[in-house]
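Asks:
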Amino acid sequence: MDVKARMDELYRLVEYHANRYYNDDDPEISDYEYDALTRELRQLEAENPLFARADSLATKKVGGTAKREFRKVAHDVPVISLQDVFSKEEVIAFVERVKQQFADAEFSVEKKIDGLTLVLRYHNGKLTEAITRGDGAIGESVYENALMIKSIPQTIPEKLPYLEVRGECYMSTESFEAANRKQELTGGKIYQNRRNSAAGTLRQLDPNVVKERGLDIFIFNLEIAEGKSFKTHLETLEWLASQGFHVLEEPVLAKTADEVWAAIEHIGKIRYSLNYGLDGAVVKVNSLAQRQVLGMTSKVPHWAVAYKYPPEQKETVIEDITVQVGRTGRMTPLAILKPVRLAETTVARATLHNQDYLDEKDIRIGDTVIVQKAGDIIPEVLSVVKEKRPAGAVRFVMPSVCPVCGAPAERESDGAHLHCTGTACPAKDSRSMAYFVSKDAMNMEGFGPAAVEALISEGYIKRIPDIYRLKEHRARLIEEGIVGKEKSVDNMLSAIEKSKDNDIDRLITGLGIRNVGKQSAKVLAARYADMQAVMDASAEELTQIPDFGDIVAGDICSYFEKPENRAMIAELGELGVNLKSKAAESRKDDRFAGKTFVLTGTLPTMTRDEASAIIESYGGKCSGSVSKKTSYVLAGEAAGSKLTKAQELGIPVISEDDLMEMIK
Numbered sequence: 227m228d229v230k231a232r233m234d235e236l237y238r239l240v241e242y243h244a245n246r247y248y249n250d251d252d253p254e255i256s257d258y259e260y261d262a263l264t265r266e267l268r269q270l271e272a273e274n275p276l277f278a279r280a281d282s283l284a285t286k287k288v289g290g291t292a293k294r295e296f297r298k299v300a301h302d303v304p305v306i307s308l309q310d311v312f313s314k315e316e317v318i319a320f321v322e323r324v325k326q327q328f329a330d331a332e333f334s335v336e337k338k339i340d341g342l343t344l345v346l347r348y349h350n351g352k353l354t355e356a357i358t359r360g361d362g363a364i365g366e367s368v369y370e371n372a373l374m375i376k377s378i379p380q381t382i383p384e385k386l387p388y389l390e391v392r393g394e395c396y397m398s399t400e401s402f403e404a405a406n407r408k409q410e411l412t413g414g415k416i417y418q419n420r421r422n423s424a425a426g427t428l429r430q431l432d433p434n435v436v437k438e439r440g441l442d443i444f445i446f447n448l449e450i451a452e453g454k455s456f457k458t459h460l461e462t463l464e465w466l467a468s469q470g471f472h473v474l475e476e477p478v479l480a481k482t483a484d485e486v487w488a489a490i491e492h493i494g495k496i497r498y499s500l501n502y503g504l505d506g507a508v509v510k511v512n513s514l515a516q517r518q519v520l521g522m523t524s525k526v527p528h529w530a531v532a533y534k535y536p537p538e539q540k541e542t543v544i545e546d547i548t549v550q551v552g553r554t555g556r557m558t559p560l561a562i563l564k565p566v567r568l569a570e571t572t573v574a575r576a577t578l579h580n581q582d583y584l585d586e587k588d589i590r591i592g593d594t595v596i597v598q599k600a601g602d603i604i605p606e607v608l609s610v611v612k613e614k615r616p617a618g619a620v621r622f623v624m625p626s627v628c629p630v631c632g633a634p635a636e637r638e639s640d641g642a643h644l645h646c647t648g649t650a651c652p653a654k655d656s657r658s659m660a661y662f663v664s665k666d667a668m669n670m671e672g673f674g675p676a677a678v679e680a681l682i683s684e685g686y687i688k689r690i691p692d693i694y695r696l697k698e699h700r701a702r703l704i705e706e707g708i709v710g711k712e713k714s715v716d717n718m719l720s721a722i723e724k725s726k727d728n729d730i731d732r733l734i735t736g737l738g739i740r741n742v743g744k745q746s747a748k749v750l751a752a753r754y755a756d757m758q759a760v761m762d763a764s765a766e767e768l769t770q771i772p773d774f775g776d777i778v779a780g781d782i783c784s785y786f787e788k789p790e791n792r793a794m795i796a797e798l799g800e801l802g803v804n805l806k807s808k809a810a811e812s813r814k815d816d817r818f819a820g821k822t823f824v825l826t827g828t829l830p831t832m833t834r835d836e837a838s839a840i841i842e843s844y845g846g847k848c849s850g851s852v853s854k855k856t857s858y859v860l861a862g863e864a865a866g867s868k869l870t871k872a873q874e875l876g877i878p879v880i881s882e883d884d885l886m887e888m889i890k
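Okay, so the sequence shown: first residue is 227 according to our numbering, each after it adds one.
See the structure below:
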């Protein structure tokens, strides 16, 4: 083997996959596969120091970089990785190395949460900053987003001059599944694991997205506590819990290597029953004084290791491949598996993504395949056991027509996916109606996807306007119990009736026009007096709207060019659904047209929502983040990092009084 060539290849692979993991939040390989690459590279570096690189991600650097969208913040304490170990022997060797220096050493064995590291800073008991890991030396401020995480206390009882703690931000199983249900309804990309979902959410520029997705955090380490001292790590966790922090659950104090290994095995047995994902177990020296003596390298501490559990993988057989049709018409191949028990659940299906994925892995009906759960959640087909392939198995080809309605299939702009072009496809209709009634669209509380499916199945609704005729069937719905008892039916009918009064931005959102989400719908509602004006807008006119490019304008025009869509909107109007723009009606004038405002802090006499409504009524736009395109920052008390960034960029900062003066 050419050692240098192999090391060069490993450097390239580790760098590439680290960037996908830390910066893009979209890894291509599992943690276990990445760890195997870095482990091989570390071994080769140790054996061939002349070929080792000074900037090696395997031994010298932490894997991330600070993202450009957020303000950079230097870490007070470097955020370094832990040394990964993969076997009982390596765990025992670590314990014995520590025991050689400290015979009385004790160890804390803890769950390793699969999430995103977050550093929290408190001054005089008040949360003042939240910083991601970044490259270990410099992270990015996500303070506004951290304020939306309920398990992060904004104030603590003991007002230390300065406190810094480190935790792992994650998505619970419920939050993760809810986020994927929404992605499915809206035709978005399905999240493959919880860690990447948490990372992507925490880096959202709109804090409301963080609030909506329900992130959580476990604090696992105290970094700095001015004015207070502790002897052991477990003491710090107890004190942090007393201050209102969510600390790691049930750390085990172990005195011997056997006790350490028993604790690791116990965590491995219960990991799939937990409400959050784990990617290992951490073994730490408990004594803080002993940690100081043991020290660390620039990459890892000598007083802790992370044991990585291998992902559970099993063989099963692909009994069939079907094609699903989503709300937007996207056609996705789905493997029907011989049921197999995996990560404590029975797996019977796995997405195969698209034709490229099928071809790359050469997956065929009848194949024996290796399956695992990506992030312990999403079933995925890893590879084919080709020596077990049955005779006559043929390549699967995606159909040229929709399997539900028979309409022609068309390739999407990304070139990888097909979508159904049918205008009355039942598969699209059910998902479209579920999206229409959802919180993001017409917001009909108590009317979820299951109720939509049941009402379609029983013939009560076939098209969106039928939703507004359900009140005619109240007695039968109660009698048949399709969506529940009398109270459930009445709550649903009340929500449907209430939705008639929505502004047209919710209606536009609910129509499910490709590439038109909530924000684009709000812009259209503010610009046009009614739905007729929106329907009649030309592509040329639409492209004059800020942030509306040719693709969005084309999708809007294509939707409203279809007579059946225009007829449906007219029918909704006849049924009492509001078709006039309240946003446009409430507009005073256009003095703020083309201006973008960012609101931060607590205003003296009004809420930020009230201030936003005033700005929008004069043609302005409100954004959640400060950039060079920001026109003004409206700052109140405790304005935080947005104010700092505005000052750095030289953006005008105004007060509530200034705003009121501007609209006189």
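All C-beta atoms in this analysis are idealised placements derived from N, C-alpha and C, irrespective of residue type, glycine included.
Taking all protein chains shown into account, do 16 or more other C-beta atoms lie within 10 angstroms of the C-beta of S423, making it buried, or fewer, making it exposed?
Replies: Taking the first residue of the sequence shown as 1, we reach residue 423 at position 197. Buried.
Asks: V311 and V531 - do their beta-carbons sit closer together than 8 Å?
Replies: For the purposes of this step, residue 531 is taken as the residue at position 305 of the sequence shown. For the purposes of this step, residue 311 is taken as the residue at position 85 of the sequence shown. Yes; because the gap between Cβ atoms is below 8 Å, this pair is in contact.
Asks: Pick out whichever of S468, I443 and A489 has its Cα sitting closest to the Cα of I382.
Replies: Position 156 of the sequence shown, counted from the start, is the residue given in the question as residue 382. Nearest option by C-alpha distance: S468.
Asks: Does the Cβ-Cβ distance between L428 and T343 come in under 8 Å?
Replies: Numbered from 1 along the sequence shown, position 202 holds the residue referred to as residue 428. Numbered from 1 along the sequence shown, position 117 holds the residue referred to as residue 343. The answer is no: Cβ separation not under 8 Å.
Asks: Quick check: A680 and V709, are their CB atoms within less than 8 Å of each other?
Replies: To locate residue 680, count along the sequence shown from 1; it is residue 454. To locate residue 709, count along the sequence shown from 1; it is residue 483. The answer is yes: Cβ separation under 8 Å.
Asks: In chain order, what residues of the same chain lie with their CB nearer than 7 Å to the CB of D666, ignoring the 5 residues before and after it?
Replies: Counting from one through the sequence shown, the residue named residue 666 turns up at place 440. If we look at D666 and ignore the five residues flanking it on each side, its Cβ neighbours are T735 and K744.
Asks: Classify S524: buried if its beta carbon has 16 or more other beta carbons within 10 angstroms, exposed otherwise.
Replies: As a position in the sequence shown, residue 524 is number 298, starting the count at 1. S524 is exposed by the Cβ-count criterion.
Asks: Inspect the beta-carbon positions of E541 and I596 and report whether they are closer than 8 Å.
Replies: Position 315 of the sequence shown, counted from the start, is the residue given in the question as residue 541. Position 370 of the sequence shown, counted from the start, is the residue given in the question as residue 596. Yes. Within cutoff.
Asks: With 16 as the cutoff for other CB atoms within 10 Å, does I496 come out buried or exposed?
Replies: Locating residue 496 in the sequence shown gives position 270, counting from the first residue. It counts as exposed.
Asks: Taking a contact to mean a Cβ-Cβ separation below 8 Å, would you say M670 touches A633 in this structure?
Replies: Your numbering for residue 670 matches position 444 in the sequence shown. Your numbering for residue 633 matches position 407 in the sequence shown. No; because the gap between Cβ atoms is not below 8 Å, this pair is not in contact.
Asks: How many Å lie between D442 and E863 at the Cα?
Replies: Within the sequence shown, numbered from 1, the residue matching residue 442 stands at position 216. Within the sequence shown, numbered from 1, the residue matching residue 863 stands at position 637. Rounded to whole angstroms, the gap between the alpha carbons of D442 and E863 is 27 Å.
Asks: Taking the CB atoms as reference points, tell me whether K564 and V543 lie closer together than 8 Å.
Replies: Numbered from its first residue, the sequence shown carries residue 564 at position 338. Numbered from its first residue, the sequence shown carries residue 543 at position 317. For K564 and V543, yes; Cβs fall inside 8 Å.
Asks: Please classify A292: is it buried, with 16 or more other beta-carbons within 10 angstroms of its beta-carbon, or exposed?
Replies: Taking the sequence shown and counting its residues from 1, one reaches residue 292 at position 66. Note that A292 has pLDDT 41, beneath the 50 cutoff, so the model's placement of it is unreliable and no number is given.
Asks: V549 lies in the beta strand (DSSP E); which residues open and close that run?
Replies: In the sequence shown, residue 549 corresponds to position 323, counting from 1. Unbroken beta strand (DSSP E) run through V549: K540 to V551.
Asks: Can you tell me whether T194 is helix, strand or coil according to DSSP?
Replies: No statement about residue 194 is possible, as the shown extent of the chain runs from 227 to 890 and does not include it.
Asks: Which same chain residues end up closer than 7 Å to L514 when comparing Cβ atoms and leaving out the 5 residues on each side of it in sequence?
Replies: Taking the sequence shown and counting its residues from 1, the one referred to as residue 514 is at position 288. The answer, listed in chain order, is F456, K457, T458 and H459.
Asks: Compare the C-alpha of G802 against each of E586, G470 and I693 and name the closest.
Replies: Your numbering for residue 802 matches position 576 in the sequence shown. For the residues E586, G470 and I693, the minimum Cα distance to G802 belongs to I693.
Asks: So, with DSSP's three-state summary, where would you put G799?
Replies: Here residue 799 is taken as the residue at index 573 of the sequence shown, counted from 1. DSSP places G799 in helix when its eight states are reduced to three.
Asks: Comparing alpha-carbon positions, which option in E332, G365 and L798 lies nearest V345?
Replies: Position 119 of the sequence shown, counted from the first residue, corresponds to residue 345. Per the Cα distances, G365.
Asks: Less than 8 Å between the beta carbons of L560 and I547, yes or no?
Replies: Residue 560 sits at position 334 when you count from the first residue of the sequence shown. Residue 547 sits at position 321 when you count from the first residue of the sequence shown. Their beta carbons are under 8 Å apart, which means L560 touches I547 by this criterion.
Asks: Quick one: using the 10 Å Cβ neighbour count with 16 as the cut-off for buried, is T822 buried or exposed?
Replies: Along the sequence shown, read from residue 1 onward, the residue named residue 822 stands at position 596. T822 is buried by the Cβ-count criterion.
Asks: Thinking C-beta only, is E842 closer than 8 Å to A793?
Replies: Taking the first residue of the sequence shown as position 1, residue 793 is located at position 567. Taking the first residue of the sequence shown as position 1, residue 842 is located at position 616. Contact flag unset, no.
Asks: In or out: L768 buried (at least 16 other Cβ within 10 Å) or exposed?
Replies: In the sequence shown, counting from the first residue as 1, residue 768 sits at position 542. When all chains shown are included, L768 counts as buried.
Asks: Ignore the nearest five residues each way along the sequence and tell me which others in I889's own chain have a CB closer than 8 Å to its CB.
Replies: Within the sequence shown, numbered from 1, the residue matching residue 889 stands at position 663. Counting only Cβ-Cβ distances below 8 Å, and skipping sequence neighbours, we find K814, R817, I840 and Y844.
Asks: Can you give me the start and stop residues for the alpha helix (DSSP H) that E863 sits inside?
Replies: The residue you call residue 863 lines up with position 637 of the sequence shown. Note, E863: premise wrong, no alpha helix (DSSP H); not H, not E.
Asks: For T291, which of helix, strand or coil comes out of DSSP?
Replies: As a position in the sequence shown, residue 291 is number 65, starting the count at 1. Because T291 sits at a pLDDT of 46, beneath the cut-off of 50, its placement in the model cannot be relied upon, and the following sentence gives the value as read from the coordinates. Of the three classes helix, strand and coil, the one that applies to T291 here is coil, per DSSP.
Asks: Alpha carbon to alpha carbon, what distance is there between T826 and E874?
Replies: For this step, residue 874 is matched to residue 648 along the sequence shown. For this step, residue 826 is matched to residue 600 along the sequence shown. Rounded to whole angstroms, E874 to T826 spans 16 Å at the Cα level.
Asks: Would you list the one or two residues that DSSP bridges to A561?
Replies: Numbered from its first residue, the sequence shown carries residue 561 at position 335. DSSP output for A561 lists I547 and A576 as bridge partner(s).
Asks: Find the nearest neighbour of T899 within the set E800, S881, I782 and G866, judged by alpha-carbon distance.
Replies: Because the chain in this structure spans residues 227 to 890, residue 899 falls outside the shown range and cannot be described.
Asks: For R279, which residues from the same chain have a beta carbon less than 7 Å from its beta carbon, with the 5 sequence-adjacent residues on both sides left out?
Replies: Residue mapping note: residue 279 aligns to position 53 of the sequence shown, counting from 1. Y237, listed in sequence order.
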